[in-house]
Each structure stands twice: as structure tokens, then as C-alpha cells.
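Colleague: Those sequence lines, one after another, are chains W and H. So that you can map any letter, position 135 of the first sequence is 135 in the numbering used here, and since no number is skipped, the others follow by simple counting. So that you can map any letter, position 264 of the second sequence is 264 in the numbering used here, and since no number is skipped, the others follow by simple counting. Backbone N, C-alpha and C define an ideal beta-carbon position, used for all residues, glycine too. Owing to the predicted nature of the structure, the values given are computational and were not obtained by experimental measurement.
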Amino acid sequence: MDKISEWMDGELSGHQTREQLTRVKQDAELHHCWNLFHLIGDVMRGETALSRDFEQRVAARLASEPAVLAPRTRVSTRFATYALSAAASVSAVALVAWIAFFMNPLAPQPDLAQAPTTPPPAAAPSEQLASVPSDGKMNEYLIAHQEFSPSTEIQGLAPYIRGVSSSHQVEGR
Amino acid sequence: MKTAWPIILLGLVAPALAAEDAARQDGLAWLTKMANASRRLNYSGTFVYQHADRIETSRIVHFVNPAGGEFEKLETLDGPAREVIRTNDQVTCYLPDAKTVLIEKRSARRFPALLPEQMSGVADNYAVSVTGMDRVAGYDCQVVVLEPKDKLRYGHQFCAETRSGLPLRARTLSEKNQPLESFAFTELKIGGSFSRDQVRSRYAAKSRDWKVDHSALVLSDVPADTGWTLTRQPAGFRKLTELKRSIAGRAVMVSHIVYSDGVAAVSVFIEPLPKNRPAQSLSHQGAVNIYVRPVADHMVTVLGETPAATVMQIANSLEFRGGRGK
Numbered sequence: 001m002d003k004i005s006e007w008m009d010g011e012l013s014g015h016q017t018r019e020q021l022t023r024v025k026q027d028a029e030l031h032h033c034w035n036l037f038h039l040i041g042d043v044m045r046g047e048t049a050l051s052r053d054f055e056q057r058v059a060a061r062l063a064s065e066p067a068v069l070a071p072r073t074r075v076s077t078r079f080a081t082y083a084l085s086a087a088a089s090v091s092a093v094a095l096v097a098w099i100a101f102f103m104n105p106l107a108p109q110p111d112l113a114q115a116p117t118t119p120p121p122a123a124a125p126s127e128q129l130a131s132v133p134s135d136g137k138m139n140e141y142l143i144a145h146q147e148f149s150p151s152t153e154i155q156g157l158a159p160y161i162r163g164v165s166s167s168h169q170v171e172g173r
Numbered sequence: 001m002k003t004a005w006p007i008i009l010l011g012l013v014a015p016a017l018a019a020e021d022a023a024r025q026d027g028l029a030w031l032t033k034m035a036n037a038s039r040r041l042n043y044s045g046t047f048v049y050q051h052a053d054r055i056e057t058s059r060i061v062h063f064v065n066p067a068g069g070e071f072e073k074l075e076t077l078d079g080p081a082r083e084v085i086r087t088n089d090q091v092t093c094y095l096p097d098a099k100t101v102l103i104e105k106r107s108a109r110r111f112p113a114l115l116p117e118q119m120s121g122v123a124d125n126y127a128v129s130v131t132g133m134d135r136v137a138g139y140d141c142q143v144v145v146l147e148p149k150d151k152l153r154y155g156h157q158f159c160a161e162t163r164s165g166l167p168l169r170a171r172t173l174s175e176k177n178q179p180l181e182s183f184a185f186t187e188l189k190i191g192g193s194f195s196r197d198q199v200r201s202r203y204a205a206k207s208r209d210w211k212v213d214h215s216a217l218v219l220s221d222v223p224a225d226t227g228w229t230l231t232r233q234p235a236g237f238r239k240l241t242e243l244k245r246s247i248a249g250r251a252v253m254v255s256h257i258v259y260s261d262g263v264a265a266v267s268v269f270i271e272p273l274p275k276n277r278p279a280q281s282l283s284h285q286g287a288v289n290i291y292v293r294p295v296a297d298h299m300v301t302v303l304g305e306t307p308a309a310t311v312m313q314i315a316n317s318l319e320f321r322g323g324r325g326k
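Below you can see the structure in the form of C-alpha cells.
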């Protein structure tokens, strides 16, 4: 999966790219993953056109559909984590983020034991460092941060929305 | 005739400048109005939060009693049931599936209202304009746009209910003016009289034998000189606060410095390097970018609702200048 994001970021060589292409063609889960990554990318960049009443229509649809609690695949777990932590992210009243922090079973203790044991090259900051979706390990910091962000004041309600973001999957569009 | 030209030009330019200034003042006034409205009004409604490929719906009720006390109830409508009750500074979260109640006592909010100096920061760093009308959840609303003056910050777009100023929709926009995340009411009632029952948990009685967890209690924060400074502070950002604090899951106190441009904030966390030296890494959550890098024998974590470059600039120009803190 990591290779896929590298691929998308254009970091693989021609040979590696062909190798990944073969893998994605053969592995349904990887293929799904590839599609999902692109969908997310598109939406993040706003390339998927959302009409003006989009929010209303989705809300209406959500209201009319029972919540589906499907068993998570590896892929969906990853995205559930991502989305939840995204919820915990933003500039907001700490309380809500704090809740999201608690909601996120994958977030909790800073799992430093899993950090790579090989020392990284000394802090040579590269502007090319690819940004990955946060894995939820930063939630404690996000919570601490939000309390201080002035945008909390302006946005009023927004913080809450971010913080109570749920962990269930919205069925792929 | 010659001398007339400058006067004519001035006559053309001056009204334009004045209009621009008026638009900015108008925009700033709307921001203040929004901030006040969401804290002082009674309202209840349903809203949708959209980020990346996800849409989530929640319900909120907000009441202010005659004495000025704030009561708030928030419940999720999708996925696992969750309920948050805020009564002034106490926050209680009910998790029915885990039969758990989480309680947190918060310190008073640090920004009771938008401060004047904060407002000047907003005007310095963003072109503030009131661009037109829209309609959200059946209410007419005023569109207020904060367009960043440089690439160090994101843009914002709000739609504030015309009469009360309550924000009905908020969007954070990327460098390419594309939405990173947004929220919007789909149904809303503004006003109504205070009702304690509406801000009480539906689990209040049921939860008596649930597990109560206080572990997220925020420990006291101590303002402190951490000894760390920036050699290259990003334009428009000022230091907001500097303190030593506890962080969930950390045994030691962590230095925390916050920089802000009036709208966005960037936090710097400095702590002793963990046993396994972390690699530098860049990640994001919604509109927040997070950068981690080791600096000497410290681990530095910088995050904020700004573009990655801003977060990285702060992280990369951090320097220990000595002092009481370490």
C-alpha cells in the first residue's frame, strides 16, 4: 500500500512502476486501494464537482439509509483511522478533538516503539517530503493545539463538527 | 487644465480606496458577529461535516441561560452513538457502546472573544471581503471571504445568517482555492427559550453504573520561557503563547509554543527525543499539516491549519537559545 502512495507521488522508477501496475492489476484489494487514493485525492483537490445542494442531498440520503456496520478490511481500517484523525485535526475547541481522540481505538499511546530504528539523515529538511494522511498518532498534539487556535472563535460551530466525526465508512460513491 | 488631472485621478482613486476599506471593515465586523453569535445565541440544528471523501451528520443544541451560562449538546447521527454535553467548562462524553462516561474539566477558554489585535492580524494577512448573499438551511446568509495575501495560509469562506450572524457554513480552501473541508447546517432553528431538558443527556440515568473515566483531565499549564525561538518567523505570524504542559500519553512536560496570524495557528511541541529516534515526517489531517523532526536531542512536532510549507518553515528555523526551560 505504501508503494502505491509512492507511485502516486511519482517517486517510483519506471521499473518499479511497471511492477506495481502488475500487482494492482492482479490484487483486487490493491486495486480498490488505488481507486480510493485517487478518489480522495480528487476530492481533496476539489476536482470532483460538488453541486450546491450536495450537502443537503447527502444528508437526506444518510437519513434515509440505515448505518451499515460492515466488518473492516485492511483498507477501510486505514481510512477510518485517517478520517477520524482528520476529525480530530482541525483548528478547534479542544474538547471535541479530545473526544475524537478517545473514540479512536487506533490513536492512543504514542507508539514510539514502532519508529524506524535506523537513524534518519540528519535534519536536512527536504521540501519534497511527501505528505501522508496522518495515522492518528498525532491526536494528543492536535487536541493540545486546537484550544489555542483563533479560528475556533470565528468558525463557531465548526470545531464540533470536526471533533465528532465518526469512524464508520461512508459507502464509496 | 494640467493641474486638473491629479485632481480628477484622485477623484477616481479615492472612492475606490474608501470602498475597499469599507468592505474590509464590514468583513471584520461580520467575523466578530459570527464569533459572538455562536456563543451567545440559542440554536438547535443538524449539520453536515465534509472532509476528504467523507460526509458526517450531527445534531447540536446550544443554549445560554439568563445568567450567561453556556449549555451545549452534540450528538452524532451516523455511526456509533456518541453524545457530548458541555455545561460551561465541564465536558461530559457518553459512549453507550462502551458503557463509558468521560469527563473533562476545561480551563477557561483563552480567547473569550476576538481581540482587537487579533483583528488587525486578520486584516494584515487576509483580504477580507463581503461578497454576496447565499442561502443555507433555509436562511439567507452573508458570504464573507478571507483571501490569503500570500502562500503561508489557507483561505476561508463563511456564510453568516443575515440577522444573527450565526455561521451557517464554513469552508477552508487550499492554495488552489479548492475546499479542504467544509461544514454546513442542513436544518436549523435560531432562538427559542432556554430548556435544561434539551441539553441533558439521554443517557443521564442509564449511565449511573457505567465506567467513569477522568484520565483526560487537562493538567495545569504553566506559562514558561522554553528557551526556544525561531530564526525565521513566517511573515504575519506572532507568538501567541509559550508554556510547559502535560500531553496525554507523555510522562514528561512538553514545551508548547503557539504562533498565529489572527486566523490560523501553528503549534510547536518540543520534548526529549524518544529512545527510537523518529524519522522526519510530514502528514496531514483535514486542513492541518503536521511535521515531525528531530533537533539535536529533542523531538520537534509542528502542526497547524496552514499549508505544509509554513509548518516546515517554523520547524526548520527553531533554535534553542537557552534559558530556564529545556
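1) Could you tell me which chain W residues have their CB closer than 8 Å to the CB of phenylalanine 269/H, listed as they occur along the chain?
2) Step through the CB atoms of chain H and report whether any lies within less than 8 Å of the CB of leucine 129/W.
3) On the three-pair Cβ rule with 8 Å, is the region 45-55 of chain H touching the region 149-158 of chain H?
4) Is glutamate 29/W close to chain H, meaning its C-beta is less than 8 Å from at least one C-beta of that chain?
5) On the criterion of 16 or more Cβ atoms from any shown chain inside 10 Å, does aspartate 297/H qualify as buried, or is it exposed?
6) With a threshold of 16 other CB atoms inside 10 Å of the CB of threonine 22/W, please say whether the residue is buried or exposed.
7) Just verifying my parser: in three-state terms, what is the DSSP assignment at isoleucine 314/H?
8) What separation, rounded to the nearest whole angstrom, lies between the Cα atoms of valine 300/H and alanine 18/H?
9) For chain W, find out if any of its Cβ atoms is closer than 8 Å to the Cβ of arginine 163/H; answer yes or no.
10) Express the C-alpha separation of arginine 208/H and phenylalanine 194/H in angstroms, rounding to a whole number.
11) With DSSP run on the structure shown, which of helix, strand or coil describes tyrosine 141/W?
12) Is there a Cβ from chain W that is less than 8 Å from the Cβ of histidine 284/H?
13) Quick check: the region 224-237 of chain H against the region 300-314 of chain H, are there 3 or more CB pairs under 8 Å?
14) DSSP state of glutamate 20/H, grouped into three classes?
15) So is glutamine 280/H in contact with chain W if we call contact Cβ pairs under 8 Å?
16) Name, in chain order, the residues that DSSP records as bridge partners for threonine 46/H.
17) Residues of chain H with CB closer than 8 Å to the CB of valine 132/W, please, in chain order.
18) Kindly give me the distance between the Cβ atoms of tyrosine 43/H and lysine 189/H, rounded to whole angstroms, as I take these residues to be in contact under 8 Å.
19) Closer than 7 Å: is that where the CB of lysine 25/W sits relative to any heavy atom of the ligand NAP?
20) Measuring only the C-alpha atoms, how far is phenylalanine 63/H from tyrosine 94/H?
21) Ends of the beta strand (DSSP E) at lysine 73/H?
22) Just how far apart, CA to CA, sit tyrosine 126/H and leucine 102/H?
23) I'd like to know if alanine 19/H contacts chain W, where contact means its C-beta is closer than 8 Å to some C-beta of that chain.
24) Compute the distance between the beta-carbons of valine 136/H and arginine 163/H, then report whether it is under 8 Å.
25) At a Cβ threshold of 8 Å, is alanine 23/H touching chain W?
26) Quick one: what does DSSP say glutamine 198/H is sitting in, helix, strand or coil?
27) Does the beta-carbon distance from isoleucine 314/H to valine 295/H come in below 8 Å?
28) Name the two residues that bound the continuous alpha helix (DSSP H) containing lysine 244/H.
Modeller: So, from the data block:
1) For this step, residue 269/H is matched to residue 269 along the second sequence. Within 8 Å Cβ-Cβ: Tyr141, Ala144.
2) For the purposes of this step, residue 129/W is identified with residue 129 of the first sequence, where counting begins at 1. Chain H, which has a Cβ nearer than 8 Å to the Cβ of leucine 129/W, makes this yes.
3) no
4) By one-based count along the first sequence, residue 29/W stands at place 29. By this cut-off, glutamate 29/W is not an interface position.
5) The residue labelled residue 297/H in the question sits at position 297 within the second sequence. Exposed: under 16 other Cβ atoms inside 10 Å.
6) As a working mapping, residue 22/W is identified with position 22 in the first sequence. With fewer than 16 Cβ atoms within 10 Å of its Cβ, threonine 22/W is classed as exposed.
7) Translated into positions along the second sequence, residue 314/H becomes position 314. Three-state DSSP puts isoleucine 314/H in a helix.
8) Counted from its first residue, the second sequence places residue 300/H at position 300. Counted from its first residue, the second sequence places residue 18/H at position 18. Those two C-alpha atoms are separated by around 45 Å.
9) Within the second sequence, the letter at position 163 stands for residue 163/H. Closer than 8 Å: no.
10) For the purposes of this step, residue 194/H is identified with residue 194 of the second sequence, where counting begins at 1. For the purposes of this step, residue 208/H is identified with residue 208 of the second sequence, where counting begins at 1. Straight-line Cα distance between these residues: approximately 26 Å.
11) Locating residue 141/W in the first sequence gives position 141, counting from the first residue. Looking at tyrosine 141/W - three-state DSSP - the assignment turns out to be helix.
12) Residue mapping note: residue 284/H aligns to position 284 of the second sequence, counting from 1. Yes, histidine 284/H counts as interfacial toward chain W.
13) yes
14) The residue given as residue 20/H occupies position 20 in the second sequence. If DSSP states are grouped into helix, strand and coil, glutamate 20/H belongs with the helices.
15) The sequence position of residue 280/H within the second sequence is 280, counting from 1. With 8 Å as the cut-off, glutamine 280/H counts as an interface residue toward chain W.
16) Numbered from 1 along the second sequence, position 46 holds the residue referred to as residue 46/H. Arg59/H, Glu187/H, per the DSSP bridge assignment.
17) Reading the first sequence from its first residue, position 132 is the one you call residue 132/W. By Cβ distance, chain H contributes Ser281, Leu282, Ser283, His284.
18) Start at 1 with the first residue of the second sequence, and residue 43/H comes out as number 43. Start at 1 with the first residue of the second sequence, and residue 189/H comes out as number 189. Indeed they touch by this definition, with Cβ atoms about 6 Å apart.
19) Of the ligands one can find in the structure shown there are none, so the ligand NAP has no counterpart to examine.
20) As a position in the second sequence, residue 63/H is number 63, starting the count at 1. As a position in the second sequence, residue 94/H is number 94, starting the count at 1. Roughly 19 Å between the two C-alpha positions.
21) The residue given as residue 73/H occupies position 73 in the second sequence. From DSSP, the beta strand (DSSP E) with lysine 73/H extends over 70-76.
22) Residue numbering aside, residue 126/H sits at position 126 when the second sequence is read from its first letter. Residue numbering aside, residue 102/H sits at position 102 when the second sequence is read from its first letter. Cα to Cα, tyrosine 126/H sits roughly 39 Å from leucine 102/H.
23) Stepping through the second sequence from its first residue, residue 19/H is reached at position 19. It does not: the Cβ of alanine 19/H has no partner Cβ on chain W nearer than 8 Å.
24) Your numbering for residue 136/H matches position 136 in the second sequence. Your numbering for residue 163/H matches position 163 in the second sequence. Cβ distance not < 8 Å, so valine 136/H and arginine 163/H don't count as in contact.
25) Residue numbering aside, residue 23/H sits at position 23 when the second sequence is read from its first letter. False, the Cβ-Cβ gap to chain W never drops below 8 Å.
26) To locate residue 198/H, count along the second sequence from 1; it is residue 198. Three-state result, glutamine 198/H: helix.
27) For the purposes of this step, residue 314/H is taken as residue 314 along the second sequence, with counting starting at 1. For the purposes of this step, residue 295/H is taken as residue 295 along the second sequence, with counting starting at 1. No, they are not a contact pair.
28) For this step, residue 244/H is matched to residue 244 along the second sequence. Per DSSP, lysine 244/H belongs to no alpha helix (DSSP H); it is in the beta strand (DSSP E), 238-245.
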